[in-house]
Amino acid sequence: MRKYNATNFFKHTYCEWTEVPLDNIANLSPHFKSEKGSSYFFTADGIFRYANHWGRVANCRWKLISDKKTSQGYFLGYADWSSFYPNDEREKNYVISVNFLQKEVTFTHYACLSESKAFRRNANDTAKRIVEIKKILLSDEWFKYMNHPEQEEVRKYLITGLVNTNKSLIELKRSFLSS
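The opening position of the sequence shown corresponds to residue 1189 in my numbering, with each subsequent residue numbered one higher.
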């Protein structure tokens, strides 16, 4: 596995940063400031990033893991150097996960997971699948023509199928209705 450091962490990488309190950088000067206003503070073990934009950052995918529901404003994130992974948009690097209770769907790099048998997709296919899953997770329109009394059972079946297979939504609906 490739090793990342201050000279290469920004080159086609995926990383999940953890939000940390600002006092972690209170007495530090940034080692680098980007044109977009992000500040980077390097340590031997990792990096702090103070920024107002996360997600797609240049040629990287950097997610900020935070309890806050807003993405407005500046946040401080921290990541160990070992938390960076290669980000090739064409490779099947991404795994979708769904939280049915909170009605949330997200993706992660397969290398971040302890479970290596999860179904993997490339970036484009992952984005398309997430759109489909959100329609089923957040609305009831899809259920209009389903002849079944248990909507939540059908919802869970369809979403689980979309996450774990390449089957289309139509194929999954047919499969459910024929079982």
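Note that CB positions come from ideal geometry on N, CA and C, so glycine has one too.
ask   = What are the residues that DSSP puts in a beta bridge with residue 1210?
value = BP columns for residue 1210 are empty, so no partner.
query = Got a sec? Which residues, its chain only, sit under 8 Å from residue 1351 by beta carbon, not counting five neighbours each side?
reply = Sequence-distant Cβ neighbours of residue 1351 in its own chain, meaning closer than 8 Å and more than five residues away, are 1284, 1285, 1286, 1307, 1317, 1321.
query = In the DSSP assignment, what are the bridge partners of residue 1317?
reply = DSSP, once it has assigned bridges, lists no residue as partnering residue 1317.
message = Assuming residue 1277 and residue 1311 are in contact, meaning their beta carbons sit under 8 Å apart, how far apart are those beta carbons, in whole angstroms?
response = Under the criterion of beta carbons closer than 8 Å, residue 1277 and residue 1311 qualify as touching, at roughly 4 Å.
request  = Return the bridge partner residues of residue 1361 from the DSSP annotation.
outcome  = Looking at the DSSP assignment, residue 1361 forms no beta bridge with any residue, so it has no partner.
query = By Cβ distance below 6 Å, which residues in the same chain neighbour residue 1349 in space, the five residues on each side in sequence not counted?
reply = Closer than 6 Å at the Cβ level, and outside the excluded window around residue 1349, lie 1355, 1360.
inquiry  = To the nearest angstrom, how far is the alpha carbon of residue 1274 from that of residue 1202?
reply    = Each residue's alpha carbon lies about 6 Å from the other.
key: Residue of 1211, 1330, 1341, 1195 minimising C-alpha distance to residue 1266   = Minimum Cα distance to residue 1266 is reached at 1211.
request  = Could you tell me if residue 1315 is buried or exposed, where buried requires 16 or more neighbouring beta carbons within 10 angstroms of its beta carbon?
outcome  = Label assigned to residue 1315: exposed.
ask   = Would residue 1293 be called buried (16 or more neighbouring beta carbons within 10 Å of its own) or exposed?
value = The residue in question, residue 1293, is buried, as its Cβ has 16 or more Cβ neighbours within 10 Å.
query = Can you check whether the CB of residue 1253 is closer than 9 Å to the CB of residue 1194?
reply = Taking 9 Å as the Cβ cut-off, residue 1194 and residue 1253 do not qualify as a contacting pair.
request  = List in chain order: all unbroken alpha helix (DSSP H) runs of 4+ residues lying wholly within the stretch 1216-1300.
outcome  = Taking 4 residues as the shortest admissible run, the stretch 1216-1300 contains no complete alpha helix (DSSP H) segment at all.
ask   = Taking DSSP as the reference, what is the three-state secondary structure of residue 1204?
value = Shown here, residue 1204 sits in a strand according to DSSP, grouped into three states.
message = To the nearest angstrom, how far is the alpha carbon of residue 1296 from that of residue 1200?
response = In this structure, the alpha-carbon of residue 1296 lies about 15 Å from that of residue 1200.
inquiry  = Does residue 1214 pass the burial test, meaning 16 or more other C-beta atoms within 10 Å, or should it be called exposed?
reply    = Within 10 angstroms of the beta-carbon of residue 1214 lie fewer than 16 other beta-carbons, which makes it exposed.
task = Alpha carbon to alpha carbon, how far is residue 1206 from residue 1226? Give it in angstroms, no decimals.
result = Going by the C-alpha atoms only, they are around 16 Å apart.
task = Would you kindly report the start and end of the unbroken alpha helix (DSSP H) that includes residue 1352?
result = Run containing residue 1352: 1339-1352, per the alpha helix (DSSP H) assignment.
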